[in-house]
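Trainee: One structure, as structure tokens, below. Some questions next.
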Ligand code: UDP
Ligand code: MG
């Protein structure tokens, strides 16, 4: 029977959590009656998780383990899971047991209402306030505001996606935090429901405060890609035109003063600003044009369309 549900679990040094978590996942998904697979992605663990996962794969025919060659980070681990997932529904959850597999049936039920991605919202969240909950709150507001996809909890790994969305995501760096925003860019319909959250019982969190400013930079990337990736000249060109126009206006003003009124120019700092702005304007427009070349190279070298087709409808007798 072909697999309909894939559960993807990224694992980095979570050896104590894995057995109880596996039992919980099985208990949650077996009653659904959907043929399922559980893909554990071992992201270069060094604590015995690898051997334990191999053992699970020996004992349970539903389990497959993907061992990454080294530790690449949670984004890459999820990407590997998505690449290998065969089910039409793809669920992701953390390997540390903080997400409750018991929530999976509710996520699936919500998806069935006509969504392409249903995200968990960990509430009440069982993490320290100053180092985790507060920065997350700020990040969620900011990401929601900039991307227009307003969710309470971007950081929740517990979510379900339809396969075309999971496979359509292009994940780089640490972009797993932006999965809902990236999915929305693929045209996915998105919903969010509250899910349980539990304190970490074993092992240690892999993240701390230091990532906060990285999220800001990633946010710029995501916004740029979703809004301007096929028209870079519009963003760079706009900045260039504003700079260039201001620069030209300044130099013209100073030039007229010099020619008509005879004011000397050598002692006018404004002149430097005018020249700087004019050159910056030129540079920005040129950068935009280079961007346009890159877009064409990217799409045309891979025959990659600039759209994603949801479906095509024809007469049944259409030759196709
Ligand atoms: N993880 C991973 N690779 C990494 C870091 C984390 O696969 O380099 C996994 C980790 O094992 C866990 C999940 O990603 O299953 C979330 O990590 P963590 O619990 O440390 O994050 P937090 O819940 O503290 O945000
Ligand atoms: Mg965790």
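Residue numbers (our numbering): 5 to 324.
Heads up, the beta-carbon is just placed ideally off N, CA and C, and yes, glycines get one too.
Taking buried to mean at least 16 other C-beta atoms within 10 Å of its own C-beta, is residue 11 buried or exposed?
Mentor: Buried: at least 16 other Cβ atoms inside 10 Å.
Trainee: What residue range does the alpha helix (DSSP H) around residue 195 cover?
Mentor: Counting along the chain, residue 195 falls outside any alpha helix (DSSP H), though it belongs to the beta strand (DSSP E) covering 194-199.
Trainee: Counting Cβ pairs closer than 8 Å, one from the region 173-182 and one from the region 77-86, do we hit at least three?
Mentor: Touching, yes.
Trainee: Provide the residue span of the alpha helix (DSSP H) that contains residue 124, from first to last.
Mentor: Looking at the DSSP string, residue 124 is not in any alpha helix (DSSP H); the run it does join, the beta strand (DSSP E), is 121-126.
Trainee: Distance, Cα to Cα, residue 222 vs residue 282?
Mentor: Computed Cα separation, rounded: 30 Å.
Trainee: Take residue 174 as the anchor and find which of 270, 239 and 186 has the nearest alpha-carbon.
Mentor: Checking every option, the nearest Cα to that of residue 174 belongs to 186.
Trainee: In its own chain, which residues sit with a C-beta less than 7 Å from the C-beta of residue 100, not counting the 5 before and 5 after it?
Mentor: Cβ within range, chain order: 18, 21, 204 and 207.
Trainee: Could you tell me if the beta carbon of residue 142 falls within a distance shorter than 6 Å of some heavy atom in ligand 1?
Mentor: No, the beta carbon of residue 142 sits no closer than 6 Å to any heavy atom of ligand 1.
Trainee: Would you tell me roughly how many angstroms separate the C-alpha atoms of residue 123 and residue 163, rounded to the nearest one?
Mentor: Cα to Cα, the separation comes out at about 4 Å.
Trainee: Taking the alpha helix (DSSP H) that residue 310 belongs to, which residues open and close that run?
Mentor: Where residue 310 is concerned, there is no enclosing alpha helix (DSSP H), given that its DSSP letter is neither H nor E.
Trainee: Taking the DSSP output, what are the residues bridged to residue 16?
Mentor: Looking at the DSSP assignment, residue 16 forms no beta bridge with any residue, so it has no partner.
Trainee: If you draw a straight line from the alpha carbon of residue 238 to that of residue 289, how long is it in whole angstroms?
Mentor: The straight-line gap from Cα to Cα measures roughly 9 Å.
Trainee: If the criterion is Cβ atoms closer than 7 Å, does the pair residue 199 and residue 120 meet it?
Mentor: Cβ atoms of residue 199 and residue 120: not closer than 7 Å.
Trainee: Run the Cβ filter for me: residues under 7 Å from any heavy atom of ligand 2, listed in the order they occur in the chain.
Mentor: Spelled out in chain order, the answer is 98, 100, 102, 204 and 209.
Trainee: Could you tell me the alpha carbon to alpha carbon distance between residue 47 and residue 71, rounded to whole angstroms?
Mentor: Approximately 7 Å between the Cα atoms of the pair.
Trainee: Can you give me the C-alpha to C-alpha distance between residue 117 and residue 310, rounded to a whole angstrom?
Mentor: About 28 Å.
Trainee: Within 8 Å, do at least three Cβ pairs link the region 207-216 to the region 134-151?
Mentor: Contact between the region 134-151 and the region 207-216 is present, because at least three Cβ pairs lie under 8 Å.
Trainee: Could you pull the start and end residues of the alpha helix (DSSP H) that residue 226 belongs to?
Mentor: From DSSP, the alpha helix (DSSP H) with residue 226 extends over 216-232.
Trainee: Is there at least one non-hydrogen atom of ligand 1 closer than 6 Å to the beta-carbon of residue 68?
Mentor: Residue 68: no, Cβ never under 6 Å from ligand 1.
Trainee: Could you give the distance in angstroms between the alpha-carbon of residue 9 and the alpha-carbon of residue 227?
Mentor: Roughly 31 Å separates the two Cα atoms.
Trainee: By the DSSP assignment, the beta strand (DSSP E) with residue 144 in it spans what residues?
Mentor: That residue, residue 144, is in no beta strand (DSSP E); its alpha helix (DSSP H) goes 138-151.
Trainee: Helix, strand or coil for residue 289? Go by DSSP, reduced to three states.
Mentor: Residue 289: helix per DSSP, three-state reduction.
Trainee: Would you report the Cα separation of residue 51 and residue 16, rounded to the nearest angstrom?
Mentor: Straight-line Cα distance between these residues: approximately 9 Å.
Trainee: Reducing DSSP to helix, strand and coil, say where residue 68 ends up.
Mentor: Strand at residue 68.
Trainee: Taking the continuous alpha helix (DSSP H) assigned at residue 110, which residues delimit it?
Mentor: Its alpha helix (DSSP H) spans residues 108-116.
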